[in-house]
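The structure appears right after this line, and notes come after that.
Number of protein chains: 2
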Amino acid sequence: MGKDVNINVSNGTKKRGRPRAFDGEAALNAAVEVFWAKGFERASLDDLTQAMGINRPSLYAAFGDKKALFVRALGHYGLGLGSKGIKAFDEEPDINAAVTAFLTVSLQLQTRDGDCAKGCLISNCAAPLSGILPTVGDMVSAIESSTTQHLTQRFEQEKAGCALSKDFPSAERAVLLSDMLHAQAHRARTGASRSALKAQIPMRVDAVLR
Amino acid sequence: MGKDVNINVSNGTKKRGRPRAFDGEAALNAAVEVFWAKGFERASLDDLTQAMGINRPSLYAAFGDKKALFVRALGHYGLGLGSKGIKAFDEEPDINAAVTAFLTVSLQLQTRDGDCAKGCLISNCAAPLSGILPTVGDMVSAIESSTTQHLTQRFEQEKAGCALSKDFPSAERAVLLSDMLHAQAHRARTGASRSALKAQIPMRVDAVLR
DNA sequence: CAAAAAATGTACTGAACAGTAAATAAATAT
DNA sequence: ATATTTATTTACTGTTCAGTACATTTTTTG
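For the protein sequence lines, the chains are W and H, in the order given.
In terms of the working numbering, the first sequence opens at residue 1 and continues consecutively.
In terms of the working numbering, the second sequence opens at residue 211 and continues consecutively.
See the structure below:
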């Protein structure tokens, strides 16, 4: 298979030993899908190794045990798919359009086509584990407070630019917008259709921006 | 043990056979606690039977299998603990106080003292199972749409009584209030303190009532 | 061309788990 | 009294699962 040369990116020297036959990022993407669809407990190692296209010892060597893999998958999701909403938010110059884009892009993810998992890996799979795998609870809190801070900063900028009134409670509304995201994920998980949730976005935007 | 007489409540005639040595409602309450704390998959039958104070065959005879027990526990929670918020809502004549009470009483439940489970059995344990145990998804939807309808009716009454403006979008705001409940549960589950969440209640009430 | 290092493939292990069989106990019905 | 019905007790069954031992393959180092 692998006719590649092992390159250690940090200093350019070649790595000893047999090279990996799989792409770590692609494997993580596959793990995300499995955990997202089945949750932590129901995702068996057979499910994971099959989806990731690697065998068990490779998984353990690369990622540690199942809990560590879940943590890696969660972080990968937070930086990848899970951040698409906030990126869309950043790209909209108008604050109303930005909040709308945040919810709309997130909704696309929460109600994907096909038989893939609905909802959100963080809200629906990781959060329920909070009391059980302590690392997971801390990670969820960290991801969310980071998002909230980011939203708060943007609201403060808009106040400076007079797009929002001077007494706009930025931090509170950032929490509220984050709550809207979780609520949307909850509805998507429990079967609400994309069109039904899309119709609710103006109401949610209004709740955030007054 | 049981020196009781078997009474069939429906017609007063005595029931054949050995009487049950346990109280079905108390057993369900115990099952609720176990599922709430551990989730469906991590709650083992040893956990359940120990907490419920019955042995395995009695559990299977009384409730069916583990899935059926979860469904029963979920329904029991929905009618019992899970409805305390809506009851508090109904008892407050002022609409602002009612919405506040709805969130406050729910928060007590979501952040109980001791080492018991935080959050909500519906939001944090049942909803994640939606795609996996179809019955559960349908039950969650049913419980929530019932709550939303109830809230909507009250809002409409308040409009008739002029406590809310004529153009108040009752149905939308009922959904929004239900969303606030889920968001609070999510925060509680992931470690937010009761006092921190209590401080956010006025903001959430404001989002619902304008 | 060895020797060392690192990854892969196969097959296994011990534990935990959901569900059940069979015997026993406690009540009512005739 | 005896039979019938229903619940409890104990012990078991077959399966699934996370994690690992061991041999093999592929690479770099000397």
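Even glycine gets a Cβ: it sits at the ideal position worked out from N, Cα and C.
Taking C-alpha positions only, W/Ala185 is separated from H/Arg230 by approximately 43 Å. The Cβ atoms of H/Leu386 and W/Ala207 lie closer than 8 Å to each other.
When the beta-carbon positions are compared, W/Cys116 and W/Ala37 come within less than 8 Å of each other. Assignment of beta strand (DSSP E) within the segment 38-78 of chain W, counting only whole runs of 3 or more residues, yields no such run.
W/Arg18: not part of any alpha helix (DSSP H); DSSP gives it neither H nor E.
Against chain H, the CB of W/Asp94 has no partner CB under 8 Å away; the residue lies outside that interface. By the criterion of at least three beta-carbon pairs nearer than 8 Å, the segment 366-375 of chain H is not in contact with the segment 148-157 of chain W. Contact check between the segment 270-284 of chain H and the segment 306-324 of chain H: fewer than three CB pairs, one atom from each, fall below 8 Å, which does not count as touching.
If you check the CB distance, W/Leu197 and W/Val99 do not come in under 8 Å. Selection W/Gly191, W/Ile201, W/Ser178, W/Ser165 evaluated against H/Arg383 yields W/Ile201 as nearest (Cα-Cα).
Separation of W/Gly80 and H/Met349 (C-alpha to C-alpha, rounded to the nearest whole angstrom) is 33 Å. In the displayed model, H/Phe378 falls within coil according to three-state DSSP, outside both helix and strand. A residue is called buried once 16 or more other Cβ atoms fall within 10 Å of its Cβ, and W/Thr135, having fewer, is exposed.
At least one CB of chain H lies nearer than 8 Å to the CB of W/Ser141.
Of all residues in the segment 306-324 of chain H, none places a beta-carbon less than 8 Å from a beta-carbon of chain W.
Within the same chain, and ignoring the five residues on either side of W/Ser106 in sequence, the residues whose Cβ sits closer than 7 Å to its Cβ are Gly85, Leu181, Gln184. Its Cα nearest to that of H/Arg414, the residue H/Ser388 stands out among H/Ala402, H/Ser388, H/Thr358, H/Ser403.
Within chain W, the residues whose beta carbon sits less than 8 Å from that of H/Leu386 are Met203, Arg204, Ala207, listed in sequence order. Residue nearest to H/Ala336 within the set W/Arg187, W/Phe168, W/Phe89, W/Glu91 is W/Arg187 (criterion: CA-CA distance).
In this structure, H/Phe250 is the residue among H/Phe250, H/Glu243, H/Phe273, H/Thr357 with its C-alpha nearest to the C-alpha of H/Ile342.
For a cut-off of 8 Å, the C-beta gap from H/Ile353 to H/Gly288 is around 5 Å, short enough to register as a contact.
Relative to W/Ala101, the option among W/Gln108, W/Ala88, W/Lys166, W/Val32 whose CA is nearest is W/Ala88.
Inclusion of W/Ala51 and W/Glu33 in the CB contact set at 8 Å is warranted, their separation being smaller than that value. Annotation for W/Gly85: the continuous alpha helix (DSSP H) segment containing it runs 84-91. Membership of W/Ser146 in the alpha helix (DSSP H) is indicated by the continuous run 134-160. H/Leu255 is classed as exposed because its beta carbon has fewer than 16 other beta carbons within 10 Å across all chains shown. Per DSSP, the continuous alpha helix (DSSP H) segment holding W/Leu103 begins and ends at 95-110. Residue-level contact check: H/Gly401 touches chain W, since one or more beta carbons of chain W fall below 8 Å from its beta carbon. Of all residues in the segment 247-272 of chain H, only Ala247, Lys248, Gly249, Phe250, Glu251, Arg252 come within less than 9 Å of chain W when Cβ atoms are compared, listed by chain position.
Between W/Ser130 and H/Thr400, the beta carbon gap of about 5 Å places them in contact (Cβ cut-off 8 Å). Residue environment: W/Pro93 is assigned as exposed (fewer than 16 neighbouring CB atoms within 10 Å of its CB, all protein chains considered). Interface annotation, H/Cys335: in contact with chain W, CB-CB separation under 8 Å.
Residue environment analysis places H/Ser403 among the exposed positions, since fewer than 16 neighbouring C-beta atoms fall within 10 angstroms of its C-beta.
Per DSSP, reduced to three states, the secondary structure at W/Asp115 is coil, with no helix or strand assignment.
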